[in-house]
Amino acid sequence: MEEYGIMVLLSVIFGTLGRIILLRTDYRQYPGYPHGYLTHISLGFIAAALGAVAIPALAEKEFTAVTFLALAAQQFREIRNMERESLAKLEDGEIIRRGNDYIEGIAKVFEARNYLVMIISFGTSAAIFFTNWMAGLAAGLLLICLATRLKQGQIIRDISEVKPARLHFDGSLLMVDDIVIMNLGLKASKEKILKEGLAVVIKPKNDNARATLHNPGQRQAIVHIAATVVGTKAEIGEQEWTPLARKNIDTGVIGLFILPNEPDIKALIKAVEMSPVLESSRRNILSTDAGRYASD
Numbered sequence: 000m001e002e003y004g005i006m007v008l009l010s011v012i013f014g015t016l017g018r019i020i021l022l023r024t025d026y027r028q029y030p031g032y033p034h035g036y037l038t039h040i041s042l043g044f045i046a047a048a049l050g051a052v053a054i055p056a057l058a059e060k061e062f063t064a065v066t067f068l069a070l071a072a073q074q075f076r077e078i079r080n081m082e083r084e085s086l087a088k089l090e091d092g093e094i095i096r097r098g099n100d101y102i103e104g105i106a107k108v109f110e111a112r113n114y115l116v117m118i119i120s121f122g123t124s125a126a127i128f129f130t131n132w133m134a135g136l137a138a139g140l141l142l143i144c145l146a147t148r149l150k151q152g153q154i155i156r157d158i159s160e161v162k163p164a165r166l167h168f169d170g171s172l173l174m175v176d177d178i179v180i181m182n183l184g185l186k187a188s189k190e191k192i193l194k195e196g197l198a199v200v201i202k203p204k205n206d207n208a209r210a211t212l213h214n215p216g217q218r219q220a221i222v223h224i225a226a227t228v229v230g231t232k233a234e235i236g237e238q239e240w241t242p243l244a245r246k247n248i249d250t251g252v253i254g255l256f257i258l259p260n261e262p263d264i265k266a267l268i269k270a271v272e273m274s275p276v277l278e279s280s281r282r283n284i285l286s287t288d289a290g291r292y293a294s295d
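Structure representation (structure tokens):
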């Protein structure tokens, strides 16, 4: 197995590099802690090592070694549980919660990215084995680029239009355009909301998008990201300052209200547009005969 040293080394390097690149810290700030980075980079290294030794093991007819891939798959499934439990515990400290759907989506992503790392290192190893190390370098770089593209799922901008909206009151009802948000009675609260509040409407592009935005978990994820980006003056026990997203039941348009720390409508629109479309909320009703008939 000594002759496979360079092949395994390069494959592990590319696989681990791919996991580092796939790590992401942005407005969601997760993983945003040194221990989080260490955990995921270490697991990425292990995934890369498993992918790198698969080809040498097969070449040497060490078929027992390949069974470790099945063990790795089991361990990576445990990563999903670990992330789910960690985020669920952090959820208790959030004023504007992510919601269970968003947490499950994050957990699935962290599991899947370890499989991407294995594919990167396996592909690099295979290219070196069947051709040469130069081809392996090219294959590794190509696979990292493909993995980077794969991590970019759909966002709200892909399925809907986000536009500024009019925030006003109809008696005691807080309205975003023609969408009822909540009932408020205090004059001081009304004045503060009209002076400092922001609102947008999210207009679905088709019936698939309408069904996706109908999901409460999807709306909660959008509200959480909007509150993270522009801030919120929401406080425990003060419901009138809590950002909310409500639906026009006739059109499927979503109205979002927030009382931000940073009253920048462009930032709010951008935050909503860049919110991920959750796997658990994604719908594709137009692909069915019944869905196409309903949309006519």
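Heads up, the sequence shown is in numbering that gives the first Met the number 0, so the first residue is 0 and it goes up one at a time. Ideal placement from N, C-alpha and C gives every residue a C-beta, glycine not left out. All values reported here derive from a predicted model rather than from experimental measurement.
| Query | Result |
| --- | --- |
| Length-filtered (4 minimum) alpha helix (DSSP H) runs lying within the segment 82-148 | 99-129 |
| Per DSSP, cross-strand counterpart(s) of ASP169 | LEU172 |
| DSSP-derived helix/strand/coil call for SER10 | helix |
| For LYS60, the three-state DSSP class (helix, strand or coil) | coil |
| Segment limits, beta strand (DSSP E) that includes PRO259 | Taken as a continuous stretch (DSSP letters only), PRO259 belongs to no beta strand (DSSP E), as it is neither H nor E. |
| Top-ranked residue by Cα proximity to CYS144, from MET6, SER280, VAL11, ARG18 | ARG18 |
| VAL116 beta carbon less than 8 Å from that of ALA164 | no |
| Where LYS162 sits in the DSSP three-state scheme | strand |
| Three-state secondary structure (DSSP) of ARG156 | helix |
| Backbone CA spacing between PRO275 and ALA220 [nearest angstrom] | 8 Å |
| ARG79 - DSSP class collapsed to helix/strand/coil | helix |
| ARG245 beta carbon less than 8 Å from that of GLY254 | yes |
| Reduced DSSP category for ILE178 - H, G, I as helix; E, B as strand; rest coil | strand |
| Contact the segment 41-55 vs the segment 83-97: 3+ CB pairs below 8 Å | no |
| 8 Å contact criterion, which LEU183 and LYS189 should meet: CB distance rounded | 6 Å |
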